[in-house]
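>
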Amino acid sequence: MSDDIIQQPQFEPETGSGEIAASEIPQGPAGRRSRAPLIELAEAAGFDLSDPVDEDIKADHARRWTSRTILVATLLLAALNSPSIQTWATTLPPTWGSQTIDDLAVVWTSRLEELGLDQPRTVVHDHYQAVQQLGWRDVFRSLRLRHAPSQKPSGGNSLGHR
C-alpha cells in the first residue's frame, strides 16, 4: 500500500546568484510561460523592474487624477443642472450679484431646454418626486404586485388567435 502514496519532491534552496533561468519559469497550459509577456519584453529591453516607482510620483499622479475628476464633475453639474443654480440664487440676499446669477441661470435653463439637454434631469427629478410622494402602503403594494406569480390568459393560445 505504501507504493500507492505519491512522494512530493523536497525543496532545496539554491546558493546561486538568485537569477531564475528561463528553463525554470513555470510552464502554463500547452507549454506557455505563466509570466506576463510585457514583463518579459521589458526585461529583454533592459528595463530594471526591481526598482519600484517612487511614492511621491504615485501620490502626485493620484492628486492630478482626483482634481481633474472633481473639476469635470463640477462643470457637468453646473452646466446640466441649471435649475439648482436658479434655486440657489433665489436663496441669496437680494444684491446685484445674486440677481445676475439668477438671470444667467434663467437664460441657461432656456437654452438647455431648446437643445433638449434638460431631459435627463427632468426624468430623474420626476421619478424622485413620485417616490417621495409614495406612502409605505404603496411601496408594499408595488412589491407584492412585482413578486406575484404571473397570470396566464385562460382559453385560446398565447398569440391571441381564435
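Each step along the sequence shown adds one to the number in our numbering, with nothing skipped, and position 87 is 328.
Just so it is clear, CB atoms sit at the ideal spot from N, CA and C, and this is done for glycine as well.
These figures come from a predicted structure and were not determined experimentally.
1) Secondary structure at S383, three-state DSSP: helix, strand or coil?
2) Between E284 and the rest of its own chain, which residues show a CB-CB distance below 8 Å, the 5 nearest in sequence each way excluded?
3) Hey, how far is the Cα of D297 from the Cα of I342?
4) Would you report the Cα separation of D301 and S308, rounded to the nearest angstrom?
5) Measure from the alpha carbon of R352 to the alpha carbon of each residue in A286, L321 and F288, then state which is nearest.
6) Can you give me the start and stop residues for the alpha helix (DSSP H) that S308 sits inside?
7) Using a Cβ-Cβ cutoff of less than 6 Å, which residues in the same chain neighbour W349 once the five nearest sequence positions on both sides are dropped?
8) Cα-Cα, which of V313, L317, G287 and K299 is closest to G362?
9) Apart from the five residues on each side of it in sequence, which residues of its chain come closer than 8 Å, Cβ to Cβ, to V347?
10) For P328, which of helix, strand or coil comes out of DSSP?
11) Where does L279 fall in DSSP's three states?
12) What does the alpha-carbon distance come out to for the pair A319 and R382?
13) CB S339 to CB L333, shorter than 8 Å?
Taking the coordinates as given:
1) Shown here, S383 sits in a helix according to DSSP, grouped into three states.
2) L290, listed in sequence order.
3) For D297 and I342, the distance between alpha carbons rounds to 41 Å.
4) About 11 Å.
5) Nearest neighbour of R352 by Cα position, chosen from A286, L321 and F288, turns out to be L321.
6) First-last of the alpha helix (DSSP H) with S308: E296 to L321.
7) S323, listed in sequence order.
8) Sequence check: residue 362 is Arg here, not Gly. The option with the nearest alpha carbon to R362 is L317.
9) Cβ within range, chain order: Q327.
10) Note that residue 328 is Thr in the sequence shown, not Pro. In the three-state reduction of the DSSP assignment, T328 falls in the helix class, which pools H, G and I.
11) Note: L279 maps to helix in three-state DSSP.
12) When only Cα atoms are considered, A319 and R382 end up about 38 Å apart.
13) Taking 8 Å as the Cβ cut-off, S339 and L333 qualify as a contacting pair.
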